[in-house]
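The structure under discussion appears below in the form of structure tokens.
Residue numbers (my numbering), protein chains in the order written: chain A, 872 to 1242; chain B, 872 to 1242.
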């Protein structure tokens, strides 16, 4: 067994995206204790940075010490109690995973389905809310990573509140890449990832909970099944001002990386980052369409940072992706679930979202397709 | 908000321990995709390296993508079903956490208690096994990080099998630092951490499951409550030979670090690492005893890598630790739970276990104590 030296790739898949060298450097700084006063100061800054990019004043805004899937589970495990009715919108893989979370926790999932590639239908959700007055939660994916479709989180959250539901929102792929306003849109519980539009390494998951959501957590009838994800305990470590008490050992170096990525995002400005993702999407779109390649998602609902496009007729999916990887060190994403073998997912997230990468991708793709 | 540059500490607490510069460098290598063929090859090597240091041929040997507490939860969440009787040994904080896992999962915990600082009593465990023939699992901590006591895992596991129980063993602090033989000792499910005797960064948790344990997982009556930790799903990504299917996004850079730490451990030789931890413990012990400082755990049951010593009469705990940290950049650990304010925990784990650190610690402690 020898030291591992990875190839240097350009990551244009659905995540991880390219990690900026500044963030890689930050990860390699000397590890210190997870209760060191210097570390605790960095934790406070990290919370403030996350509040700024989530656009929230929620006190409970912090990174969960595990990947986005665990961020999802943190929201459901803390908010869903056995027999709770939860309306869950499925328009791709991650809505399905939400449903899986609900049923494993003993909740009852009321499913609102939309075709993969479409946004969540506001009308269908309103009907489900009307039909299920005892429902307590509405859960949906803001940015469906399996298709690249974006849903109208603002409208869905306001609607949920009219029917006395709190909301759980998946923003793994949207945070930092497309408009997202937790407080203004009245999102109650939200989770994201670090390896998408924040250009940091995978492994931790920023979350934010409103007071309304926290109240539901505090008033639970049954304890949270997961000790590791129980926010009542986690907050003893991440809570502000309070004496920090040991819960689990935080992933110190990964948090260095997240901190640096937040510094960079605030230097750029969150709105500027959204605009950069949009304008680079347009460049890529124009190039792809000029090659006769079509998008899965209609323009209105399309995420600029994740471009799902149909694989042209007669083209060998695996072979093209292998050519890009082997000849150009370029990774693009395969389709997931219903779209496996039918679409490619081309990510333009975070540090990956740069003109030079678009030029590389278009040129390499032309070559691989023999155009 | 500015880039964070941590102070350079010597970490002689209960973990994280000092991360070797080779491992820090490995963490900063370029991120690649978690389904990249190059990454998949590294995953296979990581599994083999873990098998070598766990001393097991268990096919299910892999790192969980979250800290040691989540490794613990992976074992309990997969093996405990509602109403299962589980005998759990409590001789410190982590035995208590095991019990908490069991009850949250709907299991019934039968507690075998020993004084903090003592090893788990084999006689008491045998009595509990006799008294509870319907018990299915015996759970105990091999190396209790809250006290530095080591229990006789070999004897306890063989005993459990005589009574048809499978075993769950906490080896967070023992792996790589003290004798541990998963197959020879017949351990069924074991979890550890990377930030102790492996000298890697915190954030992931190596586990290993025997065939006997896997059979119990596969024959569950109810699904695992946690989607994220369900081994039936995780194995689709980490399973050998099989086509790797996406489950969650692996913490790529943290796994680079673990891989490098395994390369280093195998270069040194696991048995040599055990011997180094023992001989350095003896050096530190002699120095501390010469200062009139006494150990919490008797010599026979003492972990060489974690030295719990009584704070001398009249000494201000917090002030001494602050002096060490501020004047010497040296971190030692506070007492936990029942021993908060009464003991210090001085770690000599992994890369921290070096003569120069012992010299520093003894000298700085003399100064801080005014000796």
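Ideal placement from N, C-alpha and C gives every residue a C-beta, glycine not left out.
Residue i (DSSP reduced to helix, strand or coil)
| i | result |
| --- | --- |
| residue 1021(B) | strand |
| residue 1114(B) | coil |
| residue 1044(A) | coil |
| residue 977(B) | coil |
| residue 954(A) | coil |
| residue 1173(B) | strand |
| residue 1100(B) | coil |
| residue 1216(B) | strand |
| residue 1057(B) | coil |
| residue 1062(A) | strand |
| residue 1202(B) | strand |
| residue 876(B) | coil |
| residue 1028(A) | helix |
| residue 1095(B) | coil |
| residue 949(B) | helix |
| residue 1120(A) | coil |
Cα-Cα separation, residue i to residue j
| i | j | result |
| --- | --- | --- |
| residue 1040(B) | residue 1060(B) | 6 Å |
| residue 932(A) | residue 1077(A) | 7 Å |
| residue 1092(B) | residue 1102(B) | 15 Å |
| residue 1082(B) | residue 1002(A) | 48 Å |
| residue 1015(B) | residue 1106(B) | 29 Å |
| residue 1204(B) | residue 1227(B) | 19 Å |
| residue 1074(A) | residue 937(B) | 8 Å |
| residue 1130(B) | residue 906(A) | 26 Å |
| residue 1011(B) | residue 977(B) | 19 Å |
| residue 1038(A) | residue 1080(A) | 10 Å |
| residue 921(A) | residue 1133(A) | 7 Å |
| residue 950(A) | residue 1084(A) | 7 Å |
| residue 1110(B) | residue 1116(B) | 9 Å |
| residue 1034(B) | residue 1089(B) | 21 Å |
| residue 952(B) | residue 1120(A) | 27 Å |
| residue 979(A) | residue 1229(B) | 57 Å |
| residue 1176(A) | residue 1096(A) | 35 Å |
| residue 1125(A) | residue 997(B) | 43 Å |
| residue 1183(B) | residue 1145(B) | 30 Å |
| residue 1211(A) | residue 1137(A) | 36 Å |
| residue 1207(B) | residue 1159(B) | 20 Å |
| residue 1020(B) | residue 1171(B) | 9 Å |
Chain-ordered chain A contacts of residue i [CB-CB under 7 Å]
| i | result |
| --- | --- |
| residue 941(B) | 937 and 1099 |
| residue 1066(B) | 1120 |
| residue 884(B) | 904 |
Residue from the options with nearest C-alpha to residue i
| i | options | result |
| --- | --- | --- |
| residue 960(A) | 1237(A), 999(A), 1072(A) and 1204(A) | 999(A) |
| residue 1008(B) | 1031(B), 1160(B) and 1163(B) | 1031(B) |
| residue 1067(A) | 1057(A), 1080(A) and 1043(A) | 1043(A) |
| residue 975(B) | 948(A), 991(A) and 876(A) | 948(A) |
| residue 1233(B) | 1156(B), 990(B) and 1214(B) | 1156(B) |
| residue 964(B) | 902(B), 1143(B), 984(B) and 1229(B) | 984(B) |
| residue 896(A) | 1072(A), 1120(A) and 1209(A) | 1072(A) |
| residue 994(B) | 1023(B), 987(B) and 909(B) | 1023(B) |
| residue 944(B) | 1029(B), 909(B), 1070(B) and 966(B) | 966(B) |
Neighbouring residues, chain A, relative to residue i (Cβ below 8 Å)
| i | result |
| --- | --- |
| residue 890(B) | 901, 902 and 1124 |
| residue 971(B) | 1098 |
Host alpha helix (DSSP H) of residue i (start-end)
| i | result |
| --- | --- |
| residue 912(A) | 908-925 |
| residue 1199(A) | 1188-1199 |
| residue 1154(A) | 1141-1161 |
| residue 896(B) | 892-898 |
| residue 999(B) | 993-1002 |
Element boundaries [beta strand (DSSP E), containing residue i]
| i | result |
| --- | --- |
| residue 935(A) | 931-935 |
| residue 1009(A) | 1008-1012 |
| residue 883(B) | 881-883 |
| residue 1229(B) | Taken as a continuous stretch (DSSP letters only), residue 1229(B) belongs to no beta strand (DSSP E), being part of the alpha helix (DSSP H) at 1226-1239. |
| residue 1076(A) | 1076-1080 |
Under 7 Å by beta carbon: chain B residues contacting residue i
| i | result |
| --- | --- |
| residue 1130(A) | 875 |
| residue 1195(A) | Going along chain B, no residue has its Cβ under 7 Å from residue 1195(A), so there is no contact; the nearest lies around 12 Å. |
| residue 896(A) | 899 |
| residue 920(A) | 872 |
Beta-carbon neighbours of residue i, restricted to chain B and to distances below 8 Å
| i | result |
| --- | --- |
| residue 1127(A) | 875 and 877 |
| residue 905(A) | 887 and 1073 |
| residue 950(A) | Within 8 Å Cβ-Cβ: nothing; residue 950(A) doesn't reach chain B, min ~14 Å. |
Any non-hydrogen atom of the ligand SAH closer than 7 Å to residue i Cβ
| i | result |
| --- | --- |
| residue 1139(A) | Of ligands this structure carries none, so the ligand SAH is not represented either. |
Proximal residues of chain A, C-beta to C-beta of residue i below 9 Å
| i | result |
| --- | --- |
| residue 1134(B) | 872, 873, 874 and 875 |
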